[in-house]
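J.:
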Amino acid sequence: MTTASKVKCPKCVKNAAAITCEGCSSKLCRGCYNDHRQQLSKELDQFVYEHDMLKQQLETPNENEPHHLLKQIDEWKKDSINKINQLADQCQADVNQLLDKNKDQLINKFRKITNEARKGQKDDDYDERDLKMWMTQLKELKDELIKQSNICIAVDKQQSAWIKRIKVQEASPQQGNAEDSK
1 MTTASKVKCP
11 KCVKNAAAIT
21 CEGCSSKLCR
31 GCYNDHRQQL
41 SKELDQFVYE
51 HDMLKQQLET
61 PNENEPHHLL
71 KQIDEWKKDS
81 INKINQLADQ
91 CQADVNQLLD
101 KNKDQLINKF
111 RKITNEARKG
121 QKDDDYDERD
131 LKMWMTQLKE
141 LKDELIKQSN
151 ICIAVDKQQS
161 AWIKRIKVQE
171 ASPQQGNAED
181 SK
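full-length UniProt numbering applies: residue 1 is where the sequence shown begins, and numbers increase by one.
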């Protein structure tokens, strides 16, 4: 009588392989099969732990740390506002300088009219024509003081985009990785 040779368990190589694992198709003995199931149970526990951690991250709003894209937009905003503030400060200084220059010119014209009128009064050398001319000159000075017509604000059309415009768009996986590396 011939005995059929039994397939040995590939893990312990002692016992006969009696149980087949449906997942990996290994034929194992009862002890090694139990160890194998215990290892699978540990891996499932690890999966559940990682799953729960990810779930917590997805469900919990992270108010302490804003998303890096929001930080990037805030940086752009601050940079743009700083540039605008610098330009506005420079333009205000330029306007003040021009206003002072105009005021000095008006003061000089005013002094000239004052000197002519006082000289005419002192010398008693004036008539209706002189009074009319001085009144006209005085009215013109008032109008110039109110109007300041030689100052205006113009848009520099030769200037390239001083503040870069940004936009938000979905990126392909390759674009996202390329942007992260910059």
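Ideal Cβ positions, reconstructed from N, Cα and C, are used throughout, including at glycine. These figures come from a predicted structure and were not determined experimentally.
State whether the stretch 63–82 contacts the stretch 92–106, with contact taken as three or more CB pairs (one from each stretch) at a distance under 8 Å.
T.: no
J.: So, using beta-carbon positions, are Ala-17 and Pro-10 closer together than 9 Å?
T.: yes
J.: In angstroms with no decimal places, state the Cα-to-Cα distance between Ala-178 and Leu-69.
T.: Legend: pLDDT at Ala-178 = 47, less than 50; position of this residue unreliable, value from coordinates given subsequently. Between Ala-178 and Leu-69, the C-alpha separation is close to 15 Å.
J.: For the alpha helix (DSSP H) containing Ser-41, list its first residue and its last residue.
T.: 30–59
J.: Name the DSSP beta bridge partners of Lys-27, please?
T.: Thr-20
J.: Does the structure place the stretch 136–149 close enough to the stretch 41–54 that three or more beta carbon pairs sit under 8 Å?
T.: no
J.: Please report the straight-line C-alpha distance between Thr-136 and Leu-98, rounded to a whole angstrom.
T.: 25 Å
J.: Report the rounded CA-to-CA distance for Arg-118 versus Lys-139, giving the unit in angstroms.
T.: 18 Å
J.: Determine the direct distance from the alpha carbon of Gln-57 to that of Asp-180, and round the result to whole angstroms.
T.: Because Asp-180 sits at a pLDDT of 48, beneath the cut-off of 50, its placement in the model cannot be relied upon, and the point is left open.
J.: If you drop the 5 nearest sequence neighbours on each side, which residues of the same chain put their C-beta closer than 8 Å to that of Asn-15?
T.: Scanning its chain for C-beta atoms nearer than 8 Å, with the 5 sequence neighbours on each side dropped, one finds around Asn-15 the residues Lys-8, Cys-9, Cys-29, Arg-30, Gly-31 and Cys-32, in chain order.
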